[in-house]
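Peer 1: In this note's numbering, the protein residues as written are 186 to 1074.
The beta carbon of each residue, even a glycine, is placed where N, CA and C say it ideally should be.
If you're wondering where the values come from, they're calculated on a predicted model, not measured in any experiment.
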């Protein structure tokens, strides 16, 4: 009998299918029905336990964080009160000041009431609507206080605080726990109640909490940093949450039974003679799959699948599709191999991540970036810098949530012994989506941008700081002054602005040389900076001029104390190359708001005060308000009164300094310079009368006079066959004058000159102070055929995008960089500027070339044109023609 049953059940595929299918369905139905009840019960229990644990874990973390936040806020309040030092003053002065301060600040505070006790625990100050009652209820070591008359519970924070002559006291801060406190921490579908010693003190909802067998209730002591044994004495947080039964047991069993019955019926109806007829064909598909998995040839696979292809049904189509799939897989595998081989040639990496951040696929470039042999299966966060992991995870979560379709970001890799510096990576990531729209992974491209990042940091630093002294430049200074004035206006404080100019610095340059002069400026800046407060700003204005910003000053007396401290700190001589050099300076100081309320006015008044200090014998400080109360200096008054006459009568002379081709030595152009010789004072420095012309509003007329004189000279040269271009400086006022371009065109048409022979030099800070308008004016001038050069490049503020918008033709490397060619950092800065200019297709001009060695170094670095005393000093037109004729052709 047993043999018959064995033979019956081990017959053909069809018989086996019938009986095995019937028995399997029967057994499965019984098991499913029995297990369904047990499974559903366990699911419910686990769900309840999970929700209870989640609620407990959530609020076990939330309450300490609240305590930490309150404690931090309390410590900050203590620090601010001690910093203001009001409590060190007599009560008659301290209490009004402290009350006014707390009235102004208390709306932003976490605490509703405040007490200050002296060393004998006597209340000397209280603040807050309930503080008068609290001072009688307060216990010395209390951390919680419940006031029945207000029905209010307070969390108490105590800190020592310095009271000046009275010694150390205590600061008591009260944080009230109310309904709003619970509403801030309540989560959806939850209800919170806070009780203290059995008394309900706050709740998150106006309605009672849910109750019943499907309601979770958790009691959690409110942690305030006490020991576990003392928690029961504090407030108790009661957490209620109603659990909704998503699927009743009877409904679950009914649905399971119906599904089993329906499945059984469908299987019995669909399985029959067809299964027997197709069994053999199915076996051929299985054998074909095994052959393909074992690596057999395509011919062997086709022969094995021949029976399956006999009928034009699904099995036949499956066999054909299987063959086509094999061909496609082989083709795509080869294509993917080609792609990977190509990607390995690039400095970029392609990765594919799972939802958990595990690397599923990665090109060889990623292994190279992270210095791994194989990164597959490794979490990408293992190679990310610890400080950037949270940022990357947050961005990835936006992709998983569908909030973004693409992200681009930068992050650092974890430090490794094989790399001596931080490695920065830039990536672009996209989500992999299932057809249902669910995100199943992330793919993207990453590349090492460490060198680019370092270059950007260097360029940004160069843009905001002086190259020689590393002090803030004009752009950064103006930004800080704007912030200081805004804060001073809000706090009703004073701001001091001081212009500082070294006395007789030209003598030091001429005697010791420019490099020694540069070292002196650095030493002077370091000495001056060491005597300032941490919040003060010392900036280099240009040349030997510095600007000092003194923000948040309480009185005029405090500002004068700072300037006196600066004078005292600079009394000892500076040590330069082993020699003691005594440096004196002239300072002009203005005070906001008495001397002016905007930056331009303050700068102008400080400049005038500095000129006045120089006119009074140098080595002194002059306050603008003091100067206004005295007679103006004779020299300043004389120059101001005669400058207008000199400009109107054309007494400002036009001089020329050659600019030569770095390779051929041929005179390529001349820079046009303004010179003024006064009958009484002799030669007046351009650094004196040009700023004065700007402050007096004469710079437009002065610039027009110099432009016409230089064009007349160029017309005369061209008539003699000398084709020399002009490089003329234009001021901000000229650049932004709407009719400036049309006026230039008329002047050129009158003289019959080619527009291309004029290069207009615009300083970097002026050109980029208003990039949009500046770019429009520059584009207008370039369309007219004039050349554009950015002067003093590297001393102002610029970015690559702004430099691209300006569309200039030349960059003039500032003299401060040229003088530092012998230093590695100076040489690298000059090389960086030259490379940047070549990247934008710009010519470069180096200023301040004073010897053959410097000229050769600049040629080696790739500079196009050179300018300096080595080739020729600034000279009048007649002397320039003599110089030009003596040059070899």
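To the nearest angstrom, report how far apart residue 131 and residue 888 are at their CA atoms.
Peer 2: In the structure as shown, the chain starts at 186 and stops at 1074, and residue 131 therefore has no counterpart that could be examined.
Peer 1: Kindly identify the DSSP beta-bridge partner or partners of residue 613.
Peer 2: Answer by DSSP bridge pairing, in chain order: 593 and 630.
Peer 1: Spatial neighbours of residue 619 within its chain, please: C-beta separation below 6 Å, excluding the five flanking residues on both sides.
Peer 2: 625.
Peer 1: Between which two residues does the alpha helix (DSSP H) holding residue 747 run?
Peer 2: From DSSP, the alpha helix (DSSP H) with residue 747 extends over 741–754.
Peer 1: If you draw a straight line from the C-alpha of residue 617 to the C-alpha of residue 465, how long is it?
Peer 2: Near 40 Å, if we compare the C-alpha coordinates of residue 465 and residue 617.
Peer 1: Could you give the DSSP three-state label for residue 565: helix, strand or coil?
Peer 2: Here residue 565 sits in helix by DSSP.
Peer 1: Anyone know if the C-beta pair for residue 710 and residue 654 falls short of 9 Å?
Peer 2: Cβ distance < 9 Å, so residue 710 and residue 654 count as in contact.
Peer 1: On the CB-based measure, 16 or more other CB atoms within 10 Å of its CB, does residue 376 come out buried or exposed?
Peer 2: Per the 10 Å Cβ criterion, buried.
Peer 1: Step through the CB atoms of chain C and report whether any lies within less than 9 Å of the CB of residue 671.
Peer 2: As a matter of chain content, chain C is missing from the structure shown, which is built from one protein chain.
Peer 1: Which residues mark the beginning and the end of the beta strand (DSSP E) in which residue 858 is found?
Peer 2: Counting along the chain, the beta strand (DSSP E) containing residue 858 begins and ends at 852–863.
Peer 1: If I'm right that residue 838 touches residue 862 with Cβ under 8 Å, what's the distance once you round it to whole angstroms?
Peer 2: Going by Cβ atoms, the distance from residue 838 to residue 862 rounds to 7 Å, so yes, they are a contact pair.
Peer 1: Is residue 809 near residue 834, with beta carbons less than 9 Å apart?
Peer 2: Taking 9 Å as the Cβ cut-off, residue 809 and residue 834 do not qualify as a contacting pair.
Peer 1: Helix or strand or just coil, what does DSSP make of residue 618?
Peer 2: Reduced to three states, the DSSP call for residue 618 is strand.
Peer 1: Could you name each continuous alpha helix (DSSP H) segment of 4 residues or more that falls completely within the segment 321–389, going from the start of the chain to the end?
Peer 2: Complete alpha helix (DSSP H) runs here, min 4: 364–370.
Peer 1: Do three or more CB pairs link the segment 1041–1056 to the segment 1007–1019 at distances below 8 Å?
Peer 2: Judged by Cβ distances under 8 Å, the segment 1041–1056 makes contact with the segment 1007–1019, as three or more pairs qualify.
Peer 1: Just verifying my parser: in three-state terms, what is the DSSP assignment at residue 1030?
Peer 2: In the structure shown, residue 1030 sits in a strand (DSSP, three-state: E or B).
Peer 1: So which of 865, 944, 924 and 768 has the shortest CA-CA distance to residue 899?
Peer 2: Here the closest residue by C-alpha is 944.
Peer 1: Please look up how many angstroms separate the CB atoms of residue 734 and residue 722, rounded, as I've assumed it's under 8 Å.
Peer 2: With 8 Å as the limit, residue 734 and residue 722 qualify as a contact, their Cβ atoms being about 4 Å apart.
Peer 1: Should the segment 346–354 be called in touch with the segment 244–253, which here means at least 3 C-beta pairs below 8 Å?
Peer 2: No contact exists between the segment 346–354 and the segment 244–253.
Peer 1: Under 8 Å, with one C-beta from each stretch per pair, do the segment 1046–1061 and the segment 843–859 reach the 3-pair mark?
Peer 2: In short, these stretches touch, since the Cβ pair count reaches three.
Peer 1: Determine, using beta carbons only, whether residue 159 and residue 812 come nearer to each other than 9 Å.
Peer 2: Lying before the first or after the last residue shown, residue 159 is absent from the chain, which here runs from 186 to 1074.
Peer 1: Check whether the Cβ atoms of residue 139 and residue 651 lie closer than 9 Å to each other.
Peer 2: In this structure the chain extends from 186 to 1074, so residue 139 is not present and cannot be described.
Peer 1: Give me the DSSP bridge partner(s) of residue 684.
Peer 2: According to DSSP, residue 684 bridges with 732 and 773.
Peer 1: Within the same chain, show all residues whose beta-carbon is closer than 7 Å to that of residue 415, passing over the 5 residues directly before and after it, in chain order.
Peer 2: Because residue 415 sits at a pLDDT of 49, beneath the cut-off of 50, its placement in the model cannot be relied upon, and the point is left open.
Peer 1: Tell me the DSSP bridge mates of residue 425?
Peer 2: 376 and 402.
Peer 1: Measure the C-alpha to C-alpha separation of residue 1077 and residue 423 and round it to an integer number of angstroms.
Peer 2: With the chain covering 186 to 1074 only, the question about residue 1077 has no answer from this structure.
Peer 1: Applying the criterion that 16 or more other CB atoms from any shown protein chain within 10 Å of the CB defines a buried residue, is residue 658 buried or exposed?
Peer 2: Buried, since its Cβ has 16 or more Cβ neighbours within 10 Å.
Peer 1: Straight-line CA distance for residue 963 to residue 994?
Peer 2: Their Cα atoms are separated by approximately 10 Å.
Peer 1: May I have the straight-line CA-CA distance separating residue 1018 from residue 287, to the nearest angstrom?
Peer 2: For residue 1018 and residue 287, the distance between alpha carbons rounds to 54 Å.
Peer 1: If you drop the 5 nearest sequence neighbours on each side, which residues of the same chain put their C-beta closer than 7 Å to that of residue 978?
Peer 2: Correct list, in chain order: 949, 996, 997, 998, 999 and 1018.
Peer 1: Give the DSSP bridge partners of residue 312, in chain order.
Peer 2: DSSP output for residue 312 lists 299 as bridge partner(s).
Peer 1: Rounded to whole angstroms, what's the CA-CA distance from residue 511 to residue 212? Just pull it up for me.
Peer 2: So the alpha carbons of these two residues sit roughly 39 Å apart.
Peer 1: For residue 487 and residue 596, what's the separation of their Cα atoms in angstroms?
Peer 2: Looking at the two C-alpha atoms, the distance is approximately 52 Å.
Peer 1: Which one of 853, 867, 803 and 848 has the shortest CA to CA distance from residue 827?
Peer 2: Comparing Cα-Cα distances from residue 827 to each of 853, 867, 803 and 848, the minimum goes to 867.
Peer 1: DSSP three-state call for residue 923: helix, strand or coil?
Peer 2: In this structure, residue 923 counts as coil in the three-state DSSP scheme.
Peer 1: How about residue 909 and residue 852: do their beta carbons lie closer than 9 Å?
Peer 2: Going by C-beta atoms, residue 909 is nearer than 9 Å to residue 852.
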